[in-house]
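J.: Can you read through this structure? Questions will come right after.
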Amino acid sequence: MTTVTSAPAAGPAAARARRPSRDRTALLGWSAANLVIVGMSLVPLLWLVSLSFKTPASITDGSFIPQEWTFENYREIFGESLFTRALLNSLGIALISTALAVVLGSMAAYAIARLEFPGKRLLVGLALLIAMFPQISLVSPLFNLWRQIGIFDTWLGLIIPYLTFSLPLAIYTLSAFFREIPWDLEKAAQVDGATPRQAFLRVIAPLAAPGMVTTAILVFIFCWNDFLFAISLTSTEQSRTVPAAIAFFTGASQFAQPIGSIAAAAVVITIPIIVFVLLFQRRIVAGLTSGAVKG
Amino acid sequence: MADIVLDHVTKRFPDGRLAVDDANLSIADGEFVILVGPSGCGKSTTLNMIAGLEDISSGELRIGGKVVNDLAPKDRDIAMVFQSYALYPHMSVRKNMGFALSLAKRPKEEIDRLVEEAARVLDLTEHLDRRPAQLSGGQRQRVAMGRAIVRSPKAFLMDEPLSNLDAKLRVQMRTEVSRIQNRFGTTMVYVTHDQTEAMTLGDRVAVLRSGRIQQVGTPTELYGRPATVFVAGFIGSPAMNFVPATVEEGELRTPLGAIVPDERQRRLLDGWTGAAADRRSLIVGARPEHFEDAALEQAKDCPGLRFTVTVDVLERLGSDSFAYFTLAGGQARTADLEELAHDAGTVELSGKAEQVVARLDAASRIREGEKAELWLDVHQLHLFDPDTGRNLDAPATA
Chain A
10 MTTVTSAPAA
20 GPAAARARRP
30 SRDRTALLGW
40 SAANLVIVGM
50 SLVPLLWLVS
60 LSFKTPASIT
70 DGSFIPQEWT
80 FENYREIFGE
90 SLFTRALLNS
100 LGIALISTAL
110 AVVLGSMAAY
120 AIARLEFPGK
130 RLLVGLALLI
140 AMFPQISLVS
150 PLFNLWRQIG
160 IFDTWLGLII
170 PYLTFSLPLA
180 IYTLSAFFRE
190 IPWDLEKAAQ
200 VDGATPRQAF
210 LRVIAPLAAP
220 GMVTTAILVF
230 IFCWNDFLFA
240 ISLTSTEQSR
250 TVPAAIAFFT
260 GASQFAQPIG
270 SIAAAAVVIT
280 IPIIVFVLLF
290 QRRIVAGLTS
300 GAVKG
Chain B
369 MADIVLDHVT
379 KRFPDGRLAV
389 DDANLSIADG
399 EFVILVGPSG
409 CGKSTTLNMI
419 AGLEDISSGE
429 LRIGGKVVND
439 LAPKDRDIAM
449 VFQSYALYPH
459 MSVRKNMGFA
469 LSLAKRPKEE
479 IDRLVEEAAR
489 VLDLTEHLDR
499 RPAQLSGGQR
509 QRVAMGRAIV
519 RSPKAFLMDE
529 PLSNLDAKLR
539 VQMRTEVSRI
549 QNRFGTTMVY
559 VTHDQTEAMT
569 LGDRVAVLRS
579 GRIQQVGTPT
589 ELYGRPATVF
599 VAGFIGSPAM
609 NFVPATVEEG
619 ELRTPLGAIV
629 PDERQRRLLD
639 GWTGAAADRR
649 SLIVGARPEH
659 FEDAALEQAK
669 DCPGLRFTVT
679 VDVLERLGSD
689 SFAYFTLAGG
699 QARTADLEEL
709 AHDAGTVELS
719 GKAEQVVARL
729 DAASRIREGE
739 KAELWLDVHQ
749 LHLFDPDTGR
759 NLDAPATA
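Respectively, the protein sequence lines represent chains A and B.
Residue numbering for the first sequence is 10 to 304, as defined by this note's numbering.
Residue numbering for the second sequence is 369 to 766, as defined by this note's numbering.
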């Protein structure tokens with residue numbers, strides 16, 4: 010979100026020195042457009058935050074700023090194992106899937122970027138095909154299969170389909186990054202006495218780090234957001250993730266709507282994503298390869 | 369330190385292209401050998417095979433008497449400088465230079481000492497803690513050299529290390545390379561497409577063309593006794609002039625005029641297999657410096673060929689002048705010359721007539737666009753067989 014607003018602002022700012030009058034209108038135009046877009050995407054989110062701080066009675070009063078502030082909703086969801094256990098599951102499953110996808114994806118992407126081997130085109134094509142596959146078509150076969158082999162309602166049962174869909178993505182992004190790294194660097198490392206493994210770990214991987222971080226964020230968000238597999242392939246708290254768990258929320262009494270708790274839970278699971286992106290924003294943008302070869 | 373021997377080394381790429389064809393080259397311990405040739409002649413492939421970055425299709429490569437065909441680059445103990453320098457962008461200059469030593473698990477103090485020593489030699493001490501991106505082109509080039517010398521390897525391999533520098537810096541670094549080689553006395557194989565670098569740097573030069581070694585020799589040998597038209601045209605700047613000639617009544621008839629062969633040339637013509645086959649056409653090669661303004665003292669009364677031409681362009685360089693003129697009467701044509709023209713990018717430029725360049729003394733009064741009488745030292749002419757491209761006076765070894 011922050012990059013969207015700041016990137017266009019830099020252009021008019023640099024140009025202002027040249028043509029003041031025309032640039033002022035351009036600046037105004039850009040600012041207005043940015044405000045509209047930022048507003049459109051932020052209002053529902055802020056509404057959610059507002060709902061999470063309202064008391065059950067004032068949920069439907071329609072005011073944007075809560076009349077009466079309360080932390081009751083948060084206290085409630087953290088008091089329930091339905092949510093806390095789901096949060097743990099979500100974190101665990103998403104982190105493990107991300108780590109595996111980045112490690113396996115780097116190896117595959119490196120091979121695709123560097124080596125000529127029979128079936129390379131087929132592999133790339135298949136990866137793309139899998140990424141295009143409608144996820145819903147896999148749900149019922151996986152449901153049956155997982156129950157037969159006994160990984161239904163386990164972490165593994167979710168990690169596997171997450172890898173299936175995130176690996177193609179990882180391979181594609183990472184191979185683009187590996188292709189950018191000059192091959193001469195690897196030759197130099199080999200001549201300097203590195204084994205292929207050392208050359209990869211000490212020269213190529215650090216240079217591909219921005220790519221790996223980008224990939225990791227994308228994969229993490231995909232796993233973290235998933236609802237389809239989470240709701241279909243789990244049945245108990247043992248492995249249910251937050252998006253699925255929210256669907257099982259009930260109100261304080263049988264007749265109360267759980268809107269407040271749902272809003273609070275939604276706010277809580279948004280936080281890790283924001284932290285993740287803010288933390289690595291700079292690494293994603295940094296062009297680490299500058300100066301490698303004659304510039 | 370070690371010698372390097374290429375014994376019938378051949379490289380054929382998976383797509384069937386022959387990159388290096390039966391290369392034989394023996395590089396003595398401590399020798400500085402240049403591989404030179406136009407782009408695509410296989411010189412870089414040869415270097416990569418010595419480094420171990422390319423597999424050898426057939427033949428044997430020995431470093432220090434040991435066959436290394438199947439050794440990985442890291443086990444060959446050679447250092448290489450790349451055209452792109454290939455510095456590790458995420459490491460400081462110090463780390464870049466010490467990378468090989470740290471991979472070899474040398475103690476930290478020793479690495480520091482060796483890196484600082486090399487930095488002093490290359491005048492890089494103050495840049496040791498900077499990243500490659502913060503350095504100028506010349507400094508990056510020196511870091512690349514530093515990375516090689518820090519290790520005291522058996523041999524240095526250099527793949528066009530100076531071609532990314534601007535002209536002035538290139539001349540400066542050229543002397544630097546010589547200095548380093550003299551100082552360390554390490555075997556060095558140096559690849560370049562620049563014949564000036566080849567001539568000025570090497571103990572010996574190997575000229576390659578389409579994967580074959582054409583001639584190996586000292587710069588003087590290559591210049592004075594080129595084995596083929598290709599070598600003759602590639603070495604020297606401005607390049608040697610080639611004109612067609614026919615042998616008639618014991619004379620060489622050329623567009624410049626009829627030349628009576630001297631003792632040496634007559635012997636060569638008699639020994640030429642082409643003469644036995646009753647062929648009469650030849651290619652005559654003349655270096656620009658073997659021409660002179662006929663009006664000058666140096667050329668007066670000297671035996672040689674005198675002829676009158678219209679000078680199209682005259683370049684005065686101060687120390688001497690280059691006179692360009694064209695000759696009617698056909699062009700010397702062989703596969704070698706066409707390849708040279710391709711490499712120089714002058715295919716479209718050369719018209720029907722033969723362009724000739726003569727180097728004249730600065731005292732010459734010749735003017736552009738006017739007729740002038742020039743003199744040619746006919747004793748210095750080279751005679752080439754137009755079919756094989758070989759010099760009739762080729763050294764027996766090549």
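Ideal Cβ placement from N, Cα and C applies to all residues, glycine included.
Quantities reported herein were computed from a predicted structural model and do not represent experimental measurements.
Counting only Cβ pairs nearer than 7 Å, list the residues of chain B close to residue 193 of chain A.
T.: As a first step, residue 193 of chain A is located in the first sequence; it is residue number 184 there, counting from the start. Going along chain B in sequence order, the residues near residue 193 of chain A (Cβ under 7 Å) are 450, 452, 454.
J.: Do you know how far the Cα of residue 648 of chain B is from the Cα of residue 541 of chain B?
T.: Locating residue 541 of chain B in the second sequence gives position 173, where the first residue counts as 1. Locating residue 648 of chain B in the second sequence gives position 280, where the first residue counts as 1. Distance between the alpha carbons of residue 541 of chain B and residue 648 of chain B is about 48 Å.
J.: Which of the three DSSP states is assigned to residue 738 of chain B in this structure?
T.: Counting from 1 along the second sequence, the entry for residue 738 of chain B is found at position 370. Here residue 738 of chain B sits in coil by DSSP.
J.: Rounding to the nearest angstrom, what Cα-Cα distance links residue 669 of chain B and residue 749 of chain B in this structure?
T.: Indexing the second sequence from 1 puts residue 669 of chain B at position 301. Indexing the second sequence from 1 puts residue 749 of chain B at position 381. Looking at the two C-alpha atoms, the distance is approximately 19 Å.
J.: Please list the residues of the stretch 172 to 200 of chain A that have a C-beta atom closer than 8 Å to any C-beta atom in chain B, keeping them in chain order.
T.: The stretch 172 to 200 of chain A vs chain B, Cβ under 8 Å: 191, 193, 194, 196, 197, 198, 199, 200.
J.: Smallest Cα separation from residue 580 of chain B: which of B:382, B:385, B:389?
T.: Start at 1 with the first residue of the second sequence, and residue 580 of chain B comes out as number 212. If we check each option's Cα against that of residue 580 of chain B, B:389 comes out closest.
J.: Does residue 522 of chain B have its Cβ less than 9 Å from a Cβ in chain A?
T.: If you number the second sequence from 1, residue 522 of chain B lands on position 154. Answer no: the Cβ-Cβ gap between residue 522 of chain B and chain A never drops below 9 Å.
J.: Could you check which residue in B:632, B:464, B:690 has the C-alpha nearest to that of residue 746 of chain B?
T.: To locate residue 746 of chain B, count along the second sequence from 1; it is residue 378. Taking only the C-alpha atoms, the option nearest residue 746 of chain B is B:632.
J.: Which residue spans inside the stretch 172 to 223 of chain A form an unbroken alpha helix (DSSP H) run of at least 4?
T.: Listed in chain order, the complete alpha helix (DSSP H) runs (minimum 4 residues) inside the stretch 172 to 223 of chain A are 192 to 200, 205 to 208.
J.: Quick one: does residue 33 of chain A have its CB under 9 Å from some CB of chain B?
T.: Stepping through the first sequence from its first residue, residue 33 of chain A is reached at position 24. No, because no Cβ of chain B sits closer than 9 Å to the Cβ of residue 33 of chain A.
J.: Between which two residues does the alpha helix (DSSP H) carrying residue 695 of chain B extend?
T.: As a first step, residue 695 of chain B is located in the second sequence; it is residue number 327 there, counting from the start. Where residue 695 of chain B is concerned, there is no enclosing alpha helix (DSSP H), although the beta strand (DSSP E) it sits in stretches over 688 to 695.
J.: What residue range is occupied by the uninterrupted beta strand (DSSP E) comprising residue 627 of chain B?
T.: Taking the second sequence and counting its residues from 1, one reaches residue 627 of chain B at position 259. Here the beta strand (DSSP E) through residue 627 of chain B covers 625 to 627.
J.: Please name the residue in B:435, B:566, B:697, B:400 whose C-alpha comes closest to that of residue 611 of chain B.
T.: Walking along the second sequence from the start, residue 611 of chain B turns up at place 243. Closest option to residue 611 of chain B, Cα to Cα, is B:697.
J.: Relative to the C-alpha of residue 558 of chain B, which candidate in B:395, B:376, B:595, B:733 has its C-alpha closest?
T.: In the second sequence, the residue the question calls residue 558 of chain B occupies position 190. With distances taken between Cα atoms, residue 558 of chain B lies closest to B:395.
J.: Considering Cα atoms alone, identify which of B:664, B:710, B:593 is closest to residue 653 of chain B.
T.: For this step, residue 653 of chain B is matched to residue 285 along the second sequence. Checking every option, the nearest Cα to that of residue 653 of chain B belongs to B:593.
J.: Could you name the residues of chain A that residue 472 of chain B contacts, counting a contact when the two beta carbons are closer than 7 Å?
T.: Sequence index remark: in the second sequence, residue 472 of chain B carries index 104 (1-based). Those are 202, listed as they occur along chain A.
J.: Does the beta-carbon of residue 435 of chain B have 16 or more other beta-carbons within 10 angstroms, so that it is buried, or is it exposed?
T.: Start at 1 with the first residue of the second sequence, and residue 435 of chain B comes out as number 67. It counts as exposed.
J.: Sort out for me which residues DSSP pairs residue 621 of chain B with in a bridge.
T.: Indexing the second sequence from 1 puts residue 621 of chain B at position 253. Looking at the DSSP assignment, residue 621 of chain B forms a beta bridge with B:614, B:626.
J.: With a threshold of 9 Å between beta carbons, is residue 515 of chain B in contact with chain A?
T.: On the second sequence, position 147 is the one that residue 515 of chain B refers to. Judged by the 9 Å Cβ criterion, residue 515 of chain B is in contact with chain A.
J.: Output, in chain order, the set of chain B residues within a Cβ distance shorter than 9 Å of residue 216 of chain A.
T.: As a working mapping, residue 216 of chain A is identified with position 207 in the first sequence. By Cβ distance, chain B contributes 456, 457, 458.
J.: Return the CA-CA distance between residue 173 of chain A and residue 536 of chain B, expressed in angstroms with no decimal places.
T.: As a working note, residue 173 of chain A is residue 164 in the first sequence. As a working note, residue 536 of chain B is residue 168 in the second sequence. Approximately 57 Å between the Cα atoms of the pair.
J.: Please classify residue 127 of chain A as buried or exposed, where buried requires at least 16 neighbouring CB atoms within 10 angstroms.
T.: What you label residue 127 of chain A is simply residue 118 of the first sequence in a count that begins at 1. When all chains shown are included, residue 127 of chain A counts as exposed.
J.: Of the choices B:725, B:656, B:700, B:446, whose alpha-carbon is the least far from that of residue 753 of chain B?
T.: For the purposes of this step, residue 753 of chain B is identified with residue 385 of the second sequence, where counting begins at 1. Among B:725, B:656, B:700, B:446, the Cα nearest to that of residue 753 of chain B belongs to B:700.
J.: Ignore the nearest five residues each way along the sequence and tell me which others in residue 529 of chain B's own chain have a CB closer than 6 Å to its CB.
T.: In the second sequence, residue 529 of chain B corresponds to position 161, counting from 1. Answer for residue 529 of chain B: 449, listed in chain order.
J.: Return the Cβ separation of residue 471 of chain B and residue 519 of chain B in integer angstroms, given the expectation that the two are a contact with Cβ distance under 8 Å.
T.: To locate residue 471 of chain B, count along the second sequence from 1; it is residue 103. To locate residue 519 of chain B, count along the second sequence from 1; it is residue 151. That pair is no contact at about 10 Å.
J.: Could you tell me whether any Cβ in chain A is nearer than 9 Å to the Cβ of residue 554 of chain B?
T.: Position 186 of the second sequence, counted from the first residue, corresponds to residue 554 of chain B. It does not; no Cβ of chain A falls within 9 Å.
J.: At least one CB of chain A closer than 9 Å to the CB of residue 420 of chain B: is that the case?
T.: Here residue 420 of chain B refers to the residue found at position 52 of the second sequence. Residue 420 of chain B counts as touching chain A.
J.: Assign residue 221 of chain A to one of two classes, buried (16 or more other C-beta atoms within 10 Å of its C-beta) or exposed (fewer than that).
T.: Start at 1 with the first residue of the first sequence, and residue 221 of chain A comes out as number 212. When all chains shown are included, residue 221 of chain A counts as buried.
J.: Taking DSSP as the reference, what is the three-state secondary structure of residue 659 of chain B?
T.: The residue given as residue 659 of chain B occupies position 291 in the second sequence. It is a strand residue.
J.: Which residues bound the beta strand (DSSP E) around residue 556 of chain B?
T.: Position 188 of the second sequence, counted from the first residue, corresponds to residue 556 of chain B. 555 to 560 is the span of the beta strand (DSSP E), which, as asked, contains residue 556 of chain B.
J.: Straight-line CA distance for residue 15 of chain A to residue 83 of chain A?
T.: Looking up residue 15 of chain A in the first sequence gives position 6. Looking up residue 83 of chain A in the first sequence gives position 74. Confidence at residue 15 of chain A is low in this model, with a pLDDT of 41, below 50, so the placement of that residue should be treated as unreliable; the coordinate-derived value is given next. About 33 Å.
J.: Can you find a C-beta in chain B that's less than 9 Å from the C-beta of residue 211 of chain A?
T.: Here residue 211 of chain A is taken as the residue at index 202 of the first sequence, counted from 1. It does: the Cβ of residue 211 of chain A has a partner Cβ on chain B nearer than 9 Å.
J.: Any Cβ of chain B within less than 9 Å of the Cβ of residue 125 of chain A?
T.: Indexing the first sequence from 1 puts residue 125 of chain A at position 116. So, interface residue.
J.: Taking 9 Å as the CB-CB limit, is residue 441 of chain B close to chain A?
T.: Against the second sequence, residue 441 of chain B aligns to sequence position 73. It does; some Cβ of chain A falls within 9 Å.
J.: Expressed to the nearest angstrom, what Euclidean distance is found between the alpha-carbon atoms of residue 595 of chain B and residue 585 of chain B?
T.: Here residue 595 of chain B refers to the residue found at position 227 of the second sequence. Here residue 585 of chain B refers to the residue found at position 217 of the second sequence. Rounded to the nearest angstrom, the two C-alpha atoms are 10 Å apart.
J.: When you compare only the Cα positions, how much space is there between residue 206 of chain A and residue 225 of chain A?
T.: Locating residue 206 of chain A in the first sequence gives position 197, counting from the first residue. Locating residue 225 of chain A in the first sequence gives position 216, counting from the first residue. Between residue 206 of chain A and residue 225 of chain A, the C-alpha separation is close to 22 Å.
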